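First comes the structure, then the notes that go with it.
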Amino acid sequence: MKDFFILKLLDKGSSIFKSFGIDYPMMRKILQIKFVMDERRVPTIMMNGKNSESKNSFRSSLFLYAFMGLFIGIFMFPSFPLFLKMNIVIGMLIFMVMTTMISDFSSVLLDMNDKNILLPRPIDTRTLNAAKLIHIVVYLFKITIAISGGSLIFGLIRYGFWFFLLFLFEIALICGFVILFTSLFYYAILTLFSGEKLKDIINYFQIALTIFMTVMYQFVGRIFNVSNMNMSLTPQWWNFLLPSAWFSAPFSLLVDHDFSRYYILLSLVGIIVPIITMTLYIKVVSPHFERNLQKLNGSSEKNEMKIKTLQQSISNIICFNRLEKVFFRFTQQMLSNERKLKLKLYPSLAFSVIMPFIFFLSFFGREPLSADTLSQITHGKYYLYMYLSVAFFPSLFMLISASENYKGSWIYKALPIDNPAMILKGAFKGFVCKYVVPIYLVTSLIFVIIFGLRIVPDLFLIFINLMVLMLTTLCFSKKELPFYKDFQYAQNSNNTGIVFLTFGLCGICAALHYALLSLAPLGIPINIAASLIIAIILWHFSFKISWEDIAKDAQ
Amino acid sequence: MNSLSEPVVSIKDLRMNYGEKQVLNGINLEIHGGQIIGYIGPNGAGKSTTVKILLGILEGFRGEVKVFGEDISTGSIEYKRRIGYVPETAEMYDNLTAQEYLTFIGEIYGMDFESVDSKAQKLISLFGIGEAYTARISSFSKGMKQKVLIIASLLHNPDILFFDEPLSGLDANSVMVFKEIITELAAEGKTIFYSSHIMEVVEKISDRIILINAGQIVADGTFFELQEKCSEGSLEDIFNQLTGFNQYKEIAHSFISILKEG
Chain U
0 MKDFFILKLL DKGSSIFKSF GIDYPMMRKI LQIKFVMDER RVPTIMMNGK NSESKNSFRS
60 SLFLYAFMGL FIGIFMFPSF PLFLKMNIVI GMLIFMVMTT MISDFSSVLL DMNDKNILLP
120 RPIDTRTLNA AKLIHIVVYL FKITIAISGG SLIFGLIRYG FWFFLLFLFE IALICGFVIL
180 FTSLFYYAIL TLFSGEKLKD IINYFQIALT IFMTVMYQFV GRIFNVSNMN MSLTPQWWNF
240 LLPSAWFSAP FSLLVDHDFS RYYILLSLVG IIVPIITMTL YIKVVSPHFE RNLQKLNGSS
300 EKNEMKIKTL QQSISNIICF NRLEKVFFRF TQQMLSNERK LKLKLYPSLA FSVIMPFIFF
360 LSFFGREPLS ADTLSQITHG KYYLYMYLSV AFFPSLFMLI SASENYKGSW IYKALPIDNP
420 AMILKGAFKG FVCKYVVPIY LVTSLIFVII FGLRIVPDLF LIFINLMVLM LTTLCFSKKE
480 LPFYKDFQYA QNSNNTGIVF LTFGLCGICA ALHYALLSLA PLGIPINIAA SLIIAIILWH
540 FSFKISWEDI AKDAQ
Chain P
0 MNSLSEPVVS IKDLRMNYGE KQVLNGINLE IHGGQIIGYI GPNGAGKSTT VKILLGILEG
60 FRGEVKVFGE DISTGSIEYK RRIGYVPETA EMYDNLTAQE YLTFIGEIYG MDFESVDSKA
120 QKLISLFGIG EAYTARISSF SKGMKQKVLI IASLLHNPDI LFFDEPLSGL DANSVMVFKE
180 IITELAAEGK TIFYSSHIME VVEKISDRII LINAGQIVAD GTFFELQEKC SEGSLEDIFN
240 QLTGFNQYKE IAHSFISILK EG
């Protein structure tokens with residue numbers, strides 16, 4: 000079996016593991032098996048072979064992270080105060096690591112598959128946990144290095160070797176802190192709740208955490224007053240609640256030689272908190288985590304299917320084909336029960352609601368709201384920020400090709416379905432009705448409250464543009480049946496290109512919308528008509544698919 | 000012969016619930032070495048739950064469970080070195096090859112790679128799928144997977160074996176081989192905990208049959224003892240009687256008539 004470089008690296012520290020009471024050779028074996036399996040993530044149904052694909056897609060997502068990392072790294076050069084710089088860089092770092100942790104690695108942390116295989120064997124829980132943890136750490140560390148690569152190199156150039164070394168150390172600390180912090184939280188939830196409710200709570204918790212991260216990030220910029228040109232720092236008590244501040248403070252000590260009490264205290268917090276997290280993890284969480292995880296298994300809840308539901312009547316209105324109607328309903332029912340999928344969907348959905356308001360905040364939140372700025376907002380064109388919300392939706396539809404119950408997808412082949420387009424149409428409409436429309440309505444409502452009824456035609460236009468974007472994405476992405484593949488294959492799949500494409504297109508739509516606003520009163524109706532025509536044309540092209548296309552794309 | 004010695008498994012007043020649902024309602028059981036125990040019961044009676052508790056997969060039960068005289072709730076893993084398990088659903092790391100999986104499992108039990116490897120290869124050849132040894136498990140048929148699971152449960156020569164529907168997917172020839180294997184293992188003094196829905200097999204191979212229903216043991220004894228007690232012919236009939244089920248004909252009849260409805 001392949002001996003991985005990373006395992007050889009771990010061998011060097013084997014005595015550390017042993018001192019924690021971990022059976023190192025056992026842990027190494029489990030990890031080796033896990034890495035071998037990760038390399039072999041094979042698309043499951045309708046295809047054979049092609050093992051290298053998923054590995055490449057993980058690599059390519061690493062390249063993308065590295066690319067983003069370069070941009071973050073540029074912050075190293077301008078002459079901001081170092082503390083602000085590091086806060087921005089580290090804040091982004093924590094943010095990205097945390098969100099990947101929640102969306103991609105929670106499934107590893109809360110994995111139940113190992114149980115029947117490994118628990119009857121003589122492996123103690125501590126070793127099993129350590130293996131699980133390291134498995135996550137290795138991947139997360141690769142991602143973190145990719146994201147921070149730019150800042151590391153630019154930092155090396157600008158501030159020298161010691162800075163580089165300290166930064167590297169801080170990155171390791173951040174990684175560990177994020178993982179342990181998430182596990183601690185999961186543990187608390189696992190202890191407090193049980194059964195079906197537990198799974199829901201975990202879901203909500205993940206969403207909440209993602210939102211929290213976003214909001215927290217907004218505070219990073221506010222450590223400073225940028226009001227007049229020279230940025231000044233006024234230490235405030237809540238700075239101590241920001242992890243990015245803890246991890247940035249040591250740089251002020253090292254590079255600026257600023258040994259004020261503020262920085263020393265922050266640096267101390269940055270060391271003490273991870274240590275506390277780690278001790279809590281080792282002493283409390285690690286021995287009991289698996290046991291509580293078991294709670295995720297047992298459940299007995301009855302859901303009665305109501306025949307005359309709103310869902311049913313909607314499907315009668317918007318679906319014209321019997322098969323389409325069936326898959327409309329099927330998609331909605333699957334979506335409400337697929338937790339793993341919700342885990343990936345909901346944070347993005349929450350983002351899409353929050354995003355426009357974050358931009359409001361960052362533009363207007365700096366000074367206290369005066370009547371002047373208020374009327375400036377309500378009479379301006381700032382409602383075009385709605386496009387920030389819209390940009391999130393198109394790529395989300397691609398997610399529904401994955402499912403926990405992907406093995407059930409043999410039905411697509413076994414059932415007498417001659418036109419797979421009906422499946423996709425039903426799924427598409429189902430998805431739009433279940434998530435896109437309600438969330439769009441909520442955001443719209445808030446916008447109408449802020450900007451008044453005058454923006455209703457614009458909101459209508461934005462919705463049509465949203466449909467255009469979703470259909471374009473569908474055109475360019477693989478033709479995939481809903482719920483047909485395993486998550487481990489979908490986890491790192493290469494959607495990033497398409498995501499960027501939709502963001503770009505969304506920008507173009509917004510620009511057009513903005514340009515046509517000046518052509519009042521005819522601009523908006525023209526735009527609506529144009530977008531509507533494009534949407535209708537796209538609708539006809541996006542769903543021209545056959546079983547052959549699907550088989551081809553599945554490979 | 001072992002009946003005077005300490006039992007290999009002893010369960011006292013075992014209770015378990017999932018949320019509000021009581022799954023095990025006070026199971027009392029003592030099992031001695033060298034027996035094949037047929038563990039039967041209707042769906043949802045608590046068979047798998049009992050087995051999973053014994054294996055240390057499920058925690059949070061009440062009552063006392065001892066394996067080899069050791070209380071398993073202490074979290075000790077030592078007893079696990081001497082047990083083997085074939086789960087009901089074929090859960091394996093099936094991205095691995097049979098060779099990788101089996102050597103991995105063997106190494107967990109502390110065997111060295113070379114010896115597990117040669118042992119596993121010989122065993123899998125005896126099951127007639129030697130050529131698949133280096134192929135991915137995901138490409139295996141159900142029966143082939145089952146063979147790998149059976150080998151994985153036996154590699155380390157355990158003293159207690161838990162088989163949960165071990166014959167599923169096996170062809171008739173392999174079934175005969177497997178039955179012979181467990182009979183010989185029992186003769187060597189190993190304990191076999193055999194859980195299945197196929198009554199004919201349980202009737203033939205078990206030294207002792209335990210029937211549980213709604214989380215309680217409702218019958219415990221040799222097949223002949225059960226026959227006498229219930230004055231029924233086959234284990235199937237005994238099963239029907241003890242689980243209070245006697246209207247299979249009526250149910251089948253209504254089933255067919257509903258199928259015929261518009």
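Quick mapping for you: the protein sequence lines, in order, are chains U and P.
If you read the first sequence in numbering that gives the first Met the number 0, its first letter stands for residue 0, the second for the next number, and so on.
If you read the second sequence in numbering that gives the first Met the number 0, its first letter stands for residue 0, the second for the next number, and so on.
Glycine included, every Cβ here is placed at the ideal spot set by N, Cα and C.
Note that the structure is predicted; figures quoted are calculated from it, not measured.
- Annotation: Cβ neighbours of P/I107 in chain U (cutoff 9 Å, chain order): M25, K28, I29, L117, R120, P121 and I122.
- Chain-order list of chain U residues neighbouring P/I82: P119, by C-beta distance under 8 Å.
- A Cβ-Cβ distance of about 15 Å is found for the pair P/V200 and P/L210, leaving them out of contact under the 8 Å criterion.
- Spanning the alpha carbons of U/P242 and P/Y17 requires a straight line of approximately 39 Å.
- For secondary structure counted as the alpha helix (DSSP H) over 4 or more consecutive residues, the segment 146 to 192 of chain U holds these complete runs in sequence order: 160 to 191.
- Within the DSSP secondary-structure output, P/N24 pairs in a beta bridge with P/R14.
- Where U/L252 is concerned, the enclosing alpha helix (DSSP H) starts and stops at P242 to L253.
- Boundaries cannot be given for U/K484, as no alpha helix (DSSP H) includes it and DSSP labels it neither H nor E.
- Considering only U/F180, U/F192, U/L189 and U/L191, the residue with the shortest C-alpha distance to U/L208 is U/F180.
- The C-alpha of U/F160 lies about 37 Å from the C-alpha of U/M25.
- Proximity of U/K114 to chain P, defined by a Cβ-Cβ separation below 8 Å, is satisfied.
- Between U/F391 and U/S351, the C-beta gap is smaller than 8 Å, which places the two residues in contact.
- In the three-state DSSP reduction, P/G62 falls in the strand class (E or B).
- When only Cα atoms are considered, U/I422 and P/M15 end up about 43 Å apart.
- Within the segment 447 to 473 of chain U, not a single complete beta strand (DSSP E) segment reaches 3 residues in length.
- The segment 377 to 394 of chain U makes no contact with the segment 406 to 416 of chain U: fewer than 3 CB pairs, one atom from each, lie closer than 8 Å.
- The Cβ-Cβ distance between P/H155 and P/G105 falls below 8 Å.
- For P/I76, the secondary structure class from DSSP, reduced to helix, strand or coil, is coil.
- The alpha-carbon separation between P/S230 and P/D12 amounts to approximately 29 Å.
- The Cβ atoms of U/F246 and U/E337 do not sit closer than 8 Å to each other.
- When DSSP states are grouped into helix, strand and coil, P/L210 belongs to the strand group.
- The beta carbon of U/L253 is closer than 8 Å to those of W161, F162 and L165 in its chain, skipping five residues each way along the sequence.
- When the Cα atoms are used, U/L151 and U/V455 turn out to be separated by approximately 47 Å.
- The three-state reading of DSSP puts P/I191 in strand, counting E and B together.
- Each of P/K228, P/L160 and P/T242 was checked against the Cα of P/G33, and the nearest Cα belongs to P/L160.
- Beta-carbon to beta-carbon, U/L460 and U/I527 are separated by about 5 Å, close enough to satisfy the 8 Å threshold.
- No Cβ of chain U is located within less than 8 Å of the beta carbon of P/M143.
- Cβ-Cβ distances below 6 Å link P/A44 to I211 and N212 in the same chain, with the five nearest sequence neighbours on each side left out; the list follows chain order.
- Straight-line spacing of the CA atoms in P/D219 and P/Y193 works out to 14 Å.
- Using a CB distance cut-off of 8 Å, P/G168 does not count as an interface residue toward chain U.
- Scanning chain U for C-beta atoms nearer than 8 Å to the C-beta of P/E90 yields N112, N115 and I116, reported in chain order.
- The shortest CA-to-CA distance from P/G214 to any of P/V7, P/E29 and P/Q21 is the one to P/Q21.
- The three-state reading of DSSP puts P/Y92 in coil, since its state is none of H, G, I, E or B.
- Proximity of P/L258 to chain U, defined by a Cβ-Cβ separation below 8 Å, is not satisfied.
- In this structure, the beta-carbon distance from P/M91 to P/L148 falls below 8 Å.
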